[in-house]
Amino acid sequence: MSTYRVNPSAPDEAYVSFWQERHLCTLTTLRPDGSPHVVPVGVTYDPEARLARVITNKTSTKVSHVLGAGPDGARVAVCQVAGRRWATLEGRAYVRTEPGRVAEAERRYAERYGRTPGENPSRVVIEIEVEGALGRG
1160 MSTYRVNPSA
1170 PDEAYVSFWQ
1180 ERHLCTLTTL
1190 RPDGSPHVVP
1200 VGVTYDPEAR
1210 LARVITNKTS
1220 TKVSHVLGAG
1230 PDGARVAVCQ
1240 VAGRRWATLE
1250 GRAYVRTEPG
1260 RVAEAERRYA
1270 ERYGRTPGEN
1280 PSRVVIEIEV
1290 EGALGRG
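For what it's worth, our numbering labels the leading residue of the sequence shown as 1160, then goes sequentially.
If you want it as structure tokens, here you go:
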């Protein structure tokens, strides 16, 4: 992960490894007025599927921003920083409510963060179709 631009179809091993470490991340969505809304989240990254996933409550502000963008999805970015290392994934976000998708996101979250998320019948997953990746290691 020594360069800034990363091929999202073939990220190097160090980049993928960094996304497997336990780090708090941020999700940036856009408010209706176009200003950024940045919140801390847990993110999982599936480079083979080119998906990043964020589990959240269906009533959260971030969900309303993604839904408000319409059927073409919302432009978003997720980022993590650890010292001088950082990684950002950019793409289109969609809110998914299907139980299988939510369960997969919960499984991946538990794997990365070392704890199973508590039961939440209002949980949804924000899936980000990764179009771009940046980072420095």
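The beta-carbon is built from N, C-alpha and C at its ideal position, and this holds for glycine as well.
Would you identify the three-state DSSP class for Glu1249, choosing helix, strand or coil? strand
Within the same chain, show all residues whose beta-carbon is closer than 6 Å to that of Val1128, passing over the 5 residues directly before and after it, in chain order. No information on residue 1128 is available, as it lies outside the stretch 1160 to 1296 that the chain covers here.
Cβ neighbours of Pro1195 in the same chain (closer than 8 Å, five flanking residues each side left out): Thr1187, Thr1188, Leu1189
Should Gly1227 and Pro1170 be called a contact, given that it needs their Cβ atoms to be closer than 8 Å? no
Tyr1204, enclosing beta strand (DSSP E) - first and last residue: 1203-1205
Which one or two residues does DSSP pair with Leu1210 in a beta bridge? Asp1205, Glu1288
Could you please give me the residues that DSSP links to Ala1241 through a beta bridge? Arg1244
Look at the alpha carbon of Arg1295 and the alpha carbon of Thr1275, and state the distance between them as a whole number of angstroms. 30 Å
Given that a residue counts as buried once 16 or more other Cβ atoms are within 10 Å of its Cβ, and exposed if not, what is Ala1208? exposed
Of the residues Gly1193, Pro1206, Asn1216, which one's Cα is nearest the Cα of Val1200? Asn1216
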